[in-house]
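Under this note's numbering, the first residue of the sequence shown carries the number 1371, and numbering increases by one thereafter.
Built from N, CA and C at the ideal position, the CB exists for glycine as well.
Keep in mind that this is a model prediction, so the values were computed, not measured.
Here is the structure we will look at.
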Amino acid sequence: SQFTESKPGNNPDRLIAVGRFTLKKAPHLSIQAFKLVLEKIPHATLQMIGKGEMWDECNALIHDLGIEKSVKLLGVKNQIEISEYLKNARAFIQHSMFNPENNDSEGTPNSVLEASSSGLPIISTKHAGIKDAVEHNQTGFLVEEGDYITMADYMCTLLQNPDLADSMGRKGREKMIHEYEMANQIDKLKALLNN
1371 SQFTESKPGN NPDRLIAVGR FTLKKAPHLS IQAFKLVLEK IPHATLQMIG KGEMWDECNA
1431 LIHDLGIEKS VKLLGVKNQI EISEYLKNAR AFIQHSMFNP ENNDSEGTPN SVLEASSSGL
1491 PIISTKHAGI KDAVEHNQTG FLVEEGDYIT MADYMCTLLQ NPDLADSMGR KGREKMIHEY
1551 EMANQIDKLK ALLNN
């Protein structure tokens, strides 16, 4: 309920990522995917919110790829600010993956749930709880971990098809209300306990 529905199809050709700059969220792969997007859609932009141990590495990668005019690292933002950024994007991206260095993986990322609640289609990976939160070809697109090339293709699909972004985003918000909204879940638990 804190994230109001947007109309992503009306927004600029802008993608957004929100999360810690850590290996399990693979921000470097999101950046590499976006570099491929720029080859087809040179005016597209990517905003990345968050900080973490990979921030300097990602900043250097952006400069090495020569895409610093198209990718903005915005640092840490509060929930109200994040909500505003989500309202002004076409789609949300996150390339979550298993980190073999410390056996770290996601649960169900809040950022994915918040973006879906805002009516944004999601482009992410078939990783952990993301597979439950995002329905492939319905509320967004999911790729195999590490496959940033297919991720780039899906980014282009949503940037080039605003009506599809609207449709997927609307379905995503409906899914969040039905399956994840706290009041609805409490009612379901009450019903189970009363039987």
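Three-way DSSP call (helix, strand, coil) for residue i in this model
{"i": "residue 1432", "result": "helix"}
{"i": "residue 1461", "result": "strand"}
{"i": "residue 1388", "result": "strand"}
{"i": "residue 1407", "result": "helix"}
{"i": "residue 1527", "result": "helix"}
{"i": "residue 1482", "result": "helix"}
{"i": "residue 1442", "result": "strand"}
{"i": "residue 1564", "result": "helix"}
{"i": "residue 1437", "result": "coil"}
{"i": "residue 1418", "result": "strand"}
{"i": "residue 1573", "result": "Look at the range of the chain in this structure, 1371 to 1565, and you will see that residue 1573 is not part of it."}
{"i": "residue 1472", "result": "coil"}
Beta-carbon separation (whole angstroms), residue i vs residue j, contact threshold 8 Å
{"i": "residue 1373", "j": "residue 1494", "result": "Not a contact, Cβ separation roughly 17 Å."}
{"i": "residue 1444", "j": "residue 1418", "result": "7 Å"}
{"i": "residue 1394", "j": "residue 1475", "result": "6 Å"}
{"i": "residue 1489", "j": "residue 1375", "result": "4 Å"}
{"i": "residue 1546", "j": "residue 1497", "result": "Going by Cβ atoms, the distance from residue 1546 to residue 1497 rounds to 19 Å, so no, they are not a contact pair."}
Burial state of residue i, where buried means 16 or more other Cβ atoms lie within 10 Å
{"i": "residue 1556", "result": "Any reading at residue 1556 must be qualified, since the residue scores a pLDDT of 49, below 50, and its modelled position is unreliable; the value itself is stated next. Exposed, since its Cβ has fewer than 16 Cβ neighbours within 10 Å."}
{"i": "residue 1479", "result": "buried"}
{"i": "residue 1522", "result": "buried"}
{"i": "residue 1477", "result": "exposed"}
{"i": "residue 1536", "result": "buried"}
{"i": "residue 1430", "result": "exposed"}
{"i": "residue 1500", "result": "buried"}
{"i": "residue 1471", "result": "exposed"}
{"i": "residue 1513", "result": "buried"}
{"i": "residue 1482", "result": "buried"}
Chain B within 9 Å of residue i, Cβ atoms only
{"i": "residue 1517", "result": "Although the question refers to chain B, the structure presented lacks it and comprises just one protein chain."}
### Task
Mind listing, in chain order, the continuous beta strand (DSSP E) runs of no fewer than 3 residues lying wholly within the region 1484-1525?
Here the runs fully enclosed are 1492-1495 and 1510-1513.
### Query
Touch check for the region 1389-1407 and the region 1515-1527: three-plus C-beta pairs under 8 Å?
Contact holds: three or more Cβ-Cβ distances are below 8 Å.
### Task
Please confirm if the region 1385-1396 is in contact with the region 1504-1512, defined as three or more CB-CB distances below 8 Å between the two stretches.
Here the region 1385-1396 does not lie against the region 1504-1512, with fewer than 3 beta-carbon pairs under 8 Å apart.
### the region 1434-1441 / the region 1449-1469 touching (three or more Cβ pairs under 8 Å)
Flag = no, the region 1434-1441 and the region 1449-1469 do not touch.
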